[in-house]
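What follows is a single structure, written as structure tokens, with notes after it.
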Amino acid sequence: MAIFRQYVAPFLILLVFLVALLAVSARIFLPSDLAAPAPIEEIDSASVQVSALARLAVN
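Mapping of the sequence shown onto numbering that gives the first Met the number 0: residues 0 to 58, in sequence order.
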């Protein structure tokens, strides 16, 4: 158990951190239109209800 606590667990934590760092850093190389945050649109309740009913009708 000491081997896991001293070597394996820190390695896994470091690996997760490095993967997250790589994913965030990759935004530098994306085209400018892809690096922007996704637009947020207002959704009215009527369109949500219509789309939910349409999905139920298809299934």
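For each residue, glycine too, the CB sits at the ideal point set by N, CA and C.
Over what stretch of residues does the alpha helix (DSSP H) that includes residue 29 continue unbroken? What you label residue 29 is simply residue 30 of the sequence shown in a count that begins at 1. Unbroken run through residue 29: none, as it is neither H nor E.
Any idea what DSSP makes of residue 9, helix, strand or coil? Sequence index remark: in the sequence shown, residue 9 carries index 10 (1-based). In this structure, residue 9 counts as helix in the three-state DSSP scheme.
Determine the direct distance from the alpha carbon of residue 9 to that of residue 19, and round the result to whole angstroms. Along the sequence shown, one-based indexing puts residue 19 at 20. Along the sequence shown, one-based indexing puts residue 9 at 10. Approximately 15 Å, taken between the alpha carbons.
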